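Trainee: In UniProt numbering, the protein residues as written are 1 to 663.
Got a structure here, written out as structure tokens. Questions coming.
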Amino acid sequence: MDTQQRILALREELHQHNYRYYVLDQPSISDFEFDLKLKELQKLEKEHPEFSDPNSPTVRVGGSITKNFPTISHEYQMYSLDNSYSIEELKQWIARVYKNIENPTFVCELKYDGASISILYENGKLTQAVTRGDGTQGDDITANVKTITSLPLILRGSYPTKFYMRGEITIPIKTFDKINEQRKDEGLLLYANPRNTASGSLKLQDSAEVAKRGLQCFPYAFVGENLGFDEQWTMIEKAKELGFKIPETASLCSNLEEIIAYITKWESKRHQLPFEIDGIVIKVNSFAQQEELGYTSKSPRWAVAYKFKAEAAETTLESITYQVGRTGAITPVANLHPVQLAGTIIRRASLHNEDIIKKLDIRIGDQVYVEKGGEIIPKIVGVNTDVRPAGTEEIRYIENCPSCGTKLVRGEGEALHYCLNEDGCPPQIIGRLEHFVSRKAMDIESIGSETAILLHEAGLVNNVADFYTLTKEMILPLERMAEKSAQNIIDAIENSKQQSFERLLYGLGIRHVGNTVAKKLALHFGTMESLKKATYDELILVEDIGEKIAQSIIAYFDKEEHLELIDRLKTYGLSLELGKEQTPISDKLTGKTFLFTGSLTKFTRAEAQKLVEEHGGKNLSAVSKNLDYLIAGEKAGSKLKKAEELKITVLTEGEFLELINNN
Numbered sequence: 001m002d003t004q005q006r007i008l009a010l011r012e013e014l015h016q017h018n019y020r021y022y023v024l025d026q027p028s029i030s031d032f033e034f035d036l037k038l039k040e041l042q043k044l045e046k047e048h049p050e051f052s053d054p055n056s057p058t059v060r061v062g063g064s065i066t067k068n069f070p071t072i073s074h075e076y077q078m079y080s081l082d083n084s085y086s087i088e089e090l091k092q093w094i095a096r097v098y099k100n101i102e103n104p105t106f107v108c109e110l111k112y113d114g115a116s117i118s119i120l121y122e123n124g125k126l127t128q129a130v131t132r133g134d135g136t137q138g139d140d141i142t143a144n145v146k147t148i149t150s151l152p153l154i155l156r157g158s159y160p161t162k163f164y165m166r167g168e169i170t171i172p173i174k175t176f177d178k179i180n181e182q183r184k185d186e187g188l189l190l191y192a193n194p195r196n197t198a199s200g201s202l203k204l205q206d207s208a209e210v211a212k213r214g215l216q217c218f219p220y221a222f223v224g225e226n227l228g229f230d231e232q233w234t235m236i237e238k239a240k241e242l243g244f245k246i247p248e249t250a251s252l253c254s255n256l257e258e259i260i261a262y263i264t265k266w267e268s269k270r271h272q273l274p275f276e277i278d279g280i281v282i283k284v285n286s287f288a289q290q291e292e293l294g295y296t297s298k299s300p301r302w303a304v305a306y307k308f309k310a311e312a313a314e315t316t317l318e319s320i321t322y323q324v325g326r327t328g329a330i331t332p333v334a335n336l337h338p339v340q341l342a343g344t345i346i347r348r349a350s351l352h353n354e355d356i357i358k359k360l361d362i363r364i365g366d367q368v369y370v371e372k373g374g375e376i377i378p379k380i381v382g383v384n385t386d387v388r389p390a391g392t393e394e395i396r397y398i399e400n401c402p403s404c405g406t407k408l409v410r411g412e413g414e415a416l417h418y419c420l421n422e423d424g425c426p427p428q429i430i431g432r433l434e435h436f437v438s439r440k441a442m443d444i445e446s447i448g449s450e451t452a453i454l455l456h457e458a459g460l461v462n463n464v465a466d467f468y469t470l471t472k473e474m475i476l477p478l479e480r481m482a483e484k485s486a487q488n489i490i491d492a493i494e495n496s497k498q499q500s501f502e503r504l505l506y507g508l509g510i511r512h513v514g515n516t517v518a519k520k521l522a523l524h525f526g527t528m529e530s531l532k533k534a535t536y537d538e539l540i541l542v543e544d545i546g547e548k549i550a551q552s553i554i555a556y557f558d559k560e561e562h563l564e565l566i567d568r569l570k571t572y573g574l575s576l577e578l579g580k581e582q583t584p585i586s587d588k589l590t591g592k593t594f595l596f597t598g599s600l601t602k603f604t605r606a607e608a609q610k611l612v613e614e615h616g617g618k619n620l621s622a623v624s625k626n627l628d629y630l631i632a633g634e635k636a637g638s639k640l641k642k643a644e645e646l647k648i649t650v651l652t653e654g655e656f657l658e659l660i661n662n663n
């Protein structure tokens, strides 16, 4: 056997042993024998780099160093799930599903408490791994993910040519405890919990260190075209065949009673699992029915996460401080005597607004109950009034901004108080600067929070347009600013001029305009000039733009200083209109609205919606009187019935294409 044949044989053998050990839990050789074979392969690969393979079993041990993790756009958006915290809420979700589709079945799966990942497989090989990020883009951490021993580098059996495996990366509880025991022996700070440790491990620069963390990856979805199966349950079974590690815990359920039984079972048994879960995910089983139900801008309508009852702790409220956000929103924050909750030391908790403070009748010195279920920031959910100290006083909500002293206002129907001194309130100014340079906005990498504060305090940047007036000579005198750092900042600012109109629109920080809304506004109006002139009636016709968002946009463009800011940005060369690649191919569908339902055969739903936008039309997410055309594929259900009741024009896929081609 020649060297190349020996290398290939070792790789195949080690892949098989990895699969048997880490996936099947059925090792066929000893660890010592495995290590001997691995060392032989490492030696041969080092001596013969011409036979290198990015998916060799030797990558499991790591060794590559990554200084920066490139940002990658997701081909398919990674959605988050809507949460349900009670059986009653779950019943309401089930009722909505039954209202829109007929005879659904459901798949119940454990909700792994870890870090979401999207892994690209092409021709059966792992080629890229990207973090969830903001759902539209994330960080390329391929080298680190390849060290996860339970994850196949090369798939088994038959597989789709190209697909994304969506999964959750976790650390087993025993492994986490072992890591903390070692850190304790070394006198190091202990890690808070497995979830945060898993997430942090994925961003370590040295993949050899990642390999030591014992990470696991559990798939929950395949995403792509022509996958070869049409149900979630079939996908789970297929994932096992391909070599993925799938806990034998999922269940196919026919009705609410079976779903509740599954939830009850695992709520009591979850602490017996070798990994952490924080709830149950319930999905409509049929992919065709999933498409029928569709998505909101953030979440699929065909899935929901039932979150287990939150863990709670009792501690003392020591004080309340008030934070000022970039939009001027005031948020009260409870400062607590430190207490351990769900593996984390809690020192602060959100109080949300004045109404919550009054509802709780919370007072300084109270013993309060803190929960963390489903919340990034813990919240106070109650007060132990039985032990309330004598002489405590009701909390009076502040009347003036804690930063600039401006009188606070609270609009009709608003939950929060606001400071309207946007040009003279430091936290608002700095917050807008930080937001503008953030990754989802203009992505000016060299300017972080600390640098934004330095630039503002030095009087160099008071609004976002001021970034484009900076020179290297202006920023070199700043504290800890070196020649190279200064040049990097100037280069990053110059590069940001190439960012898209929608990113700029999001970066302006208009209240209630997130990145998804910014994209829809940009696609609908095309230019900043058109958006500035848009009326209330024109704005609310845009998908997902409601009364509050429309009013906020109008209020923003009513201010002369905002118009001047936009004029300056235009002067500095920033894009205030859609790029050519985003501009509609034609105006054949302008002014018309479309919705696709049922199983489509001539194109995917995403391709169909793109066609509408390319020809000037608009996609809607539900049947209403504002809908012009419903395109019905095979097995169209309740949306078709409702469209017929409202006398909306129904087209076949072929008729829709004729509408584009013949006009």
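Glycine included, each C-beta is placed from N, C-alpha and C at the ideal position.
Since this is a predicted model, take the numbers as computed values, not measurements.
Below 8 Å on the Cβ atoms is my guess for C253 versus T105; work out the distance and round it to an integer in Å.
Mentor: 7 Å
Trainee: Of all the options R213, Y159 and K162, which has the alpha carbon lying nearest to the alpha carbon of R183?
Mentor: R213
Trainee: Evaluate contact between the segment 436 to 455 and the segment 548 to 565, counting only Cβ atoms and requiring at least three cross-stretch pairs below 8 Å.
Mentor: no
Trainee: Could you please give the first and the last residue of the uninterrupted beta strand (DSSP E) stretch that includes Q340?
Mentor: A329 to L341
Trainee: Count the other CB atoms, across all protein chains shown, that sit within 10 Å of the CB of V210; report buried if there are 16 or more and exposed otherwise.
Mentor: buried
Trainee: Taking the alpha carbon of S251 as the point to measure from, which residue in I282, D278 and L460 has its own alpha carbon closest?
Mentor: I282
Trainee: Are the Cβ atoms of P152 and L126 separated by less than 9 Å?
Mentor: yes
Trainee: At 4 residues or longer, what runs of the alpha helix (DSSP H) sit wholly inside the segment 177 to 213?
Mentor: 194 to 201 and 207 to 211
Trainee: Give me the residue from K359, V370, G509 and S496 with the minimum Cα distance to Q428.
Mentor: It is G509.
Trainee: I'd like to confirm the pairing. Which residues does DSSP put opposite I263 in its beta bridges?
Mentor: Paired residue(s): none; I263 is not in a bridge.
Trainee: Just checking, does the segment 316 to 334 make contact with the segment 428 to 441 on the three C-beta pairs under 8 Å criterion?
Mentor: In short, these stretches touch, since the Cβ pair count reaches three.
Trainee: Can you check whether the CB of P172 is closer than 9 Å to the CB of P247?
Mentor: Contact annotation: P247 and P172 have beta-carbon atoms that are not nearer than 9 Å.
Trainee: Is the distance from the Cβ of G617 to the Cβ of T590 below 9 Å?
Mentor: yes
Trainee: From the DSSP output, in three-state form, read off Q323 for me.
Mentor: strand
Trainee: Give me, in chain order, the residues of the same chain whose beta-carbon lies closer than 8 Å to that of T58; leave out the 5 immediate sequence neighbours on both sides.
Mentor: L38, L41, Q42 and E45
Trainee: What ranges does the alpha helix (DSSP H) occupy inside the UniProt domain "BRCT" (584 to 663), keeping only unbroken runs of at least 4 residues that lie completely in it?
Mentor: Fully enclosed alpha helix (DSSP H) runs of 4 or longer: 605 to 614, 638 to 645 and 653 to 662.
Trainee: Might you give, ordered along the chain, the residues of its own chain that have their beta carbon closer than 7 Å to the beta carbon of E375, omitting 5 neighbours on each side?
Mentor: Its pLDDT being 49, under 50, E375 is placed unreliably by the model, and the measurement read from it follows with that caveat. Cβ neighbours of E375 beyond the five flanking positions: none.
Trainee: Is it buried or exposed for Y418, if we count other Cβ within 10 angstroms and need 16 for buried?
Mentor: buried
Trainee: In chain order, what are the residue ranges of uninterrupted alpha helix (DSSP H) at least 4 long that sit wholly in the segment 412 to 489?
Mentor: 426 to 437, 449 to 457 and 472 to 475
Trainee: How many angstroms separate the CA atom of H524 from the CA atom of K610?
Mentor: So the alpha carbons of these two residues sit roughly 13 Å apart.
Trainee: Using beta carbons (cut-off 9 Å, strictly below), is T527 in contact with chain D?
Mentor: Here chain D cannot be found, since the structure has a single protein chain.
Trainee: What's the gap between the Cα of M235 and the Cα of F222?
Mentor: 7 Å
Trainee: State the start and end residues of the unbroken alpha helix (DSSP H) segment that holds S552.
Mentor: Start and end: E547 to F557.
Trainee: Cutting at 6 Å between CB atoms, please list the residues of its own chain near K602, excluding the five before and the five after it.
Mentor: E653.
Trainee: Excluding the 5 residues flanking L10 on each side, which residues of the same chain have their C-beta closer than 7 Å to its C-beta?
Mentor: K37, E40 and L41
Trainee: Taking the continuous beta strand (DSSP E) assigned at G507, which residues delimit it?
Mentor: Not the beta strand (DSSP E): G507 falls in the alpha helix (DSSP H), residues F501 to G507.
Trainee: Please report the straight-line C-alpha distance between D443 and S496, rounded to a whole angstrom.
Mentor: 7 Å
Trainee: Identify, in the order they occur along the chain, each residue of the same chain with its Cβ nearer than 7 Å to the Cβ of Y79, setting aside the five sequence neighbours on each side.
Mentor: G135, Y295, K298, S299 and P300
Trainee: When the Cα atoms are used, what is the spatial distance from A261 to V304?
Mentor: 16 Å
Trainee: How many Å lie between H562 and E422 at the Cα?
Mentor: 11 Å
Trainee: Applying the 10 Å Cβ sphere with the 16-neighbour rule, what's the burial state of E644?
Mentor: exposed
Trainee: Report the partner residues of C108 according to the DSSP bridge assignment.
Mentor: Per DSSP, the beta-bridge partners of C108 are S251 and I282.
Trainee: In terms of residues, what are the limits of the alpha helix (DSSP H) holding S530?
Mentor: First-last of the alpha helix (DSSP H) with S530: M528 to K533.
Trainee: Need the endpoints of the alpha helix (DSSP H) that M235 sits in, please.
Mentor: Q232 to L242 is the extent of the alpha helix (DSSP H) around M235.
Trainee: Rounded to the nearest angstrom, what separates I154 and N55 at their Cα positions?
Mentor: 7 Å
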